[in-house]
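What follows is one structure encoded as structure tokens, with my remarks underneath.
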Amino acid sequence: MTTSADMGKAKSGSLYAPRKAIYPRRVEGQFRRIKWGLLAFTLAVYYLLPFLRWDRGPNAPAQAVLVDFPHRRFYFFFIEIWPQEVYYLTGLLILAALILFLMNALAGRVWCGYLCPQTVWTDLYLAAERWIEGDARERARKDAGPRTAKIWREKIAKHALWLAIAWWTGGAWVLYFADAPTLVYELATFQPGISEAYVWIGILAFTTYMLAGHMREQVCLYMCPWPRIQAALTDEYALNVTYRYDRGDPRMSLKQASALRSAGAPAGDCVDCGQCVAVCPTGVDIRNGASLGCVQCGLCIDACDAVMAKIGRSARLIAYDTQMNCERRHRGEAPIYKPLRARTIVYAALIVAIGGLMSAKLATRDDARLSVLHDRNPLAVALADGGVRNAYTIRFANMNAEPRRFLLEMSGIDDAELEIVGVEPDAEGRMIVGVGPDQTREARALVTLRGGRKAKGQTPILFTSKDVESGASVAMRDVFVIP
Amino acid sequence: MSTREAPSDAVRIDPHTKTKTTGHEWDGIEELDTPLPRWWVVTFYATILWSIGYFLAYPALPTLSGGTQGLIGWHSRASVARDMEQLTEIRGPVLERLANAPLEEIEARPQLLSAVRALGAAAFANNCAGCHGAGAQGAKGYPNLNDDDWLWGGKLSDIRRTIEHGVRWDADKDTRTETMPAFGRDGMLDAEQISLVADQVRAMAALPGGRATAQGAKLYDDNCSVCHGVGGKGNHDMGAPNLTDALWLFGSDKDTIVGRIANGGGGVMPAWGDRLDEPTIKALAIYVHTLGGGE
Ligand code: SF4
Ligand code: SF4
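Order-wise, the sequence lines are chains A and B.
Converting from the first sequence to my numbering requires adding 668 to each position, the first position being numbered 1.
Converting from the second sequence to my numbering requires adding 4 to each position, the first position being numbered 1.
Structure, rendered in structure tokens:
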């Protein structure tokens, strides 16, 4: 692996190395098109999603994706997550990690090159920079030369554009936490009482501006832990952007090569034009071999393909390939591709299993919940007539947009009486608790076993909450303790 | 282990990366002297500067006379006071509803009830748990508030009065004053008679070993029934415990009962009316009442 050589050089003895400016050149080609497509798609999702409406009836917000902190709800299209269901979030994080592992096992750091927000916004910033200041060579020349008024104007325009993008980025973020159209109106008209939103927009605008505008590849090289982790996760079958030295070396000028070839001798395809380095956003020379700095964006492939097309050699001197295959071809063996390997199969199976489990859980989940908490201090109370009482804190949750009534029943211990503090039994002696739309209600339940001597120990009991209208019920197990 | 540090004259330029080495070498692996990026170093120094600013701005160093005060005048006490003020403001609406609601109706309002119980539980932990236990489970001589045995009554109004004015708390003129006489110490009954009464009482409570006698019954009627009732069922007005149930505040063995008859007296509970405000007392009454459902 090449490391520091690519990452800028310090005067010897210095504690730090100043950032070596990288001027990645514009490039066109297949991977660049894929990157533009993904950039447009991901940014469109990010900026526009909060404005998507979703009808949930009169008691719930109509925003498709909304993190509702004040009411502690998370809405995602038809899914409504309550705080006691954060395990869905855990599941999503595990899924995300596994998908990242699978991507890595198949094609190294592709996430970094195509989908990582750092890459996407940096790409956007680079495009803005190019649009205003020109392409790589022009920018390098301007930066090296004297500061003219025109250059100052361009610099100011560039930073203004960057800041505007950063502001939108932070602004879109806060829209996920409130009704988007209302908040946009409030922000645009400087309504009081939304200072928190301004603070968050400010923080995110600042980080976007710094990370995408000023730190760029340094984030990938120094700040991001993923390259270190993925270096340990990858194996020799993972496809990485690779310079096929078996075909490219020895490097020589076009003239030399054609001379050699016409003489019937082998010659390398690489003409040492440096285009692959010139377009690289992290300043890597991929011909030196696999590198910590390479984010697998494929832009050097596009650059080299263009060169190959011009000199009439076949494309993909640089390609998604493995180091191992270069060596095999060099030795005259056939390359091997094995997308199905133990690790990819295990990752895929885990993704399917966890994804399936989560969807199954989501599809069958109840819209009502019951939680029961046994009083611990004291576990049981002796009564005047020699009986025993246990107390429980019961919480009914109505996850529906309509108010509902629940009938609480208890079974499992003969002759015990159930009462709920503050709830009068109805004419038939039933304990019915009303819960408002999308609300929970806490109640204190007392279970009393009257008179006489009792066998000591714990008896399992079952609390059931039944929707009076629909009859759907949820049950929770607990115990009755006799001291 | 073959770990060793090479002498510093081994510092050299690594041929592959053309970077200086630090001169450290472990098992043939050399450490490159790769410098940190500038922004990293700048950030590091910035944190040091920040800490100095922080150190000056806030109270930091303890001194003999109390500590440095900090330049911006921030103080944790003032901050707590501000937080408390905020809390009171947040609680304001609930406290207001609590103050306006008749005690008997609060339990029927689910949202108010859960807020009031939370208030009551906090007040209980601060003021009452010391004697009655964290879960109000009581102890010998300190009533369990979860059960259905109430010395002074378990209705909301009774509980509230007990909290407000206390029990045998001389500083409060409305406190409950009734006290069990010391039959033995004051010479009203002799040891033989006390033993007979104790046996009689234990028989009334159906405790194993209890022994009812004609003489004991007569002694009970003459001396005890005024307060504890002819059948021994007790009396809330006098704080006289029910002697026929299974719950004994001080214990049910004969020695304990003999001791109680001989020496009399009873527990003391402070009056909280002058220490806690009205809503807190209300909240406490509700909380205690909901523990075991009251009476
Ligand atoms: S070496 Fe190629 S694939 Fe890697 S970051 Fe540079 S341009 Fe992208
Ligand atoms: S772009 Fe292709 S031909 Fe040019 S230096 Fe890079 S590998 Fe060689």
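Cβ coordinates follow ideal geometry from the N, Cα and C atoms, glycine included.
| Asked | Found |
| --- | --- |
| Beta carbon proximity, residue 246(B) to chain A, threshold 8 Å | yes |
| Residue 295(B) burial status per 10 Å Cβ neighbour count (16 or more: buried) | buried |
| Assigned secondary structure, residue 1066(A) (DSSP; H/G/I helix, E/B strand, else coil) | strand |
| Within chain A, partners of residue 250(B) - CB distance below 9 Å | 1050, 1051, 1052, 1053, 1054, 1055 |
| Any non-hydrogen atom of ligand 2 closer than 7 Å to residue 961(A) Cβ | no |
| Cβ-Cβ separation, residue 967(A) to residue 700(A) (assumed contact under 8 Å), whole Å | 6 Å |
| Closer than 7 Å: residue 955(A) CB and nearest ligand 2 heavy atom | yes |
| Chain A within 8 Å of residue 257(B), Cβ atoms only | no |
| For residue 1128(A), three-class secondary structure by DSSP | strand |
| Residue-chain proximity (residue 1112(A), chain B), Cβ-Cβ < 8 Å | yes |
| Residue 79(B) burial status per 10 Å Cβ neighbour count (16 or more: buried) | exposed |
| Beta carbon proximity, residue 1115(A) to chain B, threshold 8 Å | no |
| C-alpha gap between residue 164(B) and residue 288(B), whole angstroms | 8 Å |
| C-alpha distance - residue 693(A) paired with residue 862(A), whole-angstrom precision | 42 Å |
| Which listed residue (1090(A), 825(A), 810(A), 789(A)) has its alpha carbon closest to that of residue 837(A) | 789(A) |
| Contact set for residue 299(B): own chain, Cβ-Cβ below 8 Å, skip 5 residues either direction | 152, 154, 157, 158, 159, 162 |
| According to DSSP, residues forming a beta bridge with residue 1112(A) | 1061(A) |
| The segment 1108-1115 of chain A / the segment 1045-1065 of chain A touching (three or more Cβ pairs under 8 Å) | yes |
| Check: residue 971(A) C-beta below 7 Å from any heavy atom of ligand 2 | yes |
| Cutoff 8 Å: residue 1(B) Cβ touching any chain A Cβ | This structure leaves residue 1(B) out entirely; chain B is present only between 5 and 299. |
| Backbone CA spacing between residue 742(A) and residue 842(A) [nearest angstrom] | 14 Å |
| Rounded distance between the beta-carbons of residue 204(B) and residue 216(B), thought under 8 Å | 6 Å |
| Contact list for the segment 43-74 of chain B against chain A, Cβ threshold 9 Å | 43, 44, 45, 46 |
| Residue from 273(B), 208(B), 107(B) whose Cα sits closest to the Cα of residue 291(B) | 107(B) |
| Cβ distance (whole Å) where residue 268(B) is taken to contact residue 183(B) below 8 Å | 7 Å |
| Any chain B beta carbon closer than 8 Å to residue 943(A) | no |
| Among 25(B), 261(B), 122(B), the one whose alpha carbon lies nearest that of residue 145(B) | 261(B) |
| Chain-ordered chain A contacts of residue 90(B) [CB-CB under 8 Å] | By Cβ distance, chain A contributes nothing, its closest Cβ being about 16 Å from residue 90(B), past 8 Å. |
| Pick from 29(B), 39(B), 30(B) that is closest to residue 23(B), judged by C-alpha positions | 39(B) |
| Where residue 1074(A) sits in the DSSP three-state scheme | strand |
| Exposure of residue 820(A), with buried meaning 16 or more beta-carbon neighbours within 10 Å | exposed |
| C-beta neighbour in chain A for residue 294(B), strict 8 Å | yes |
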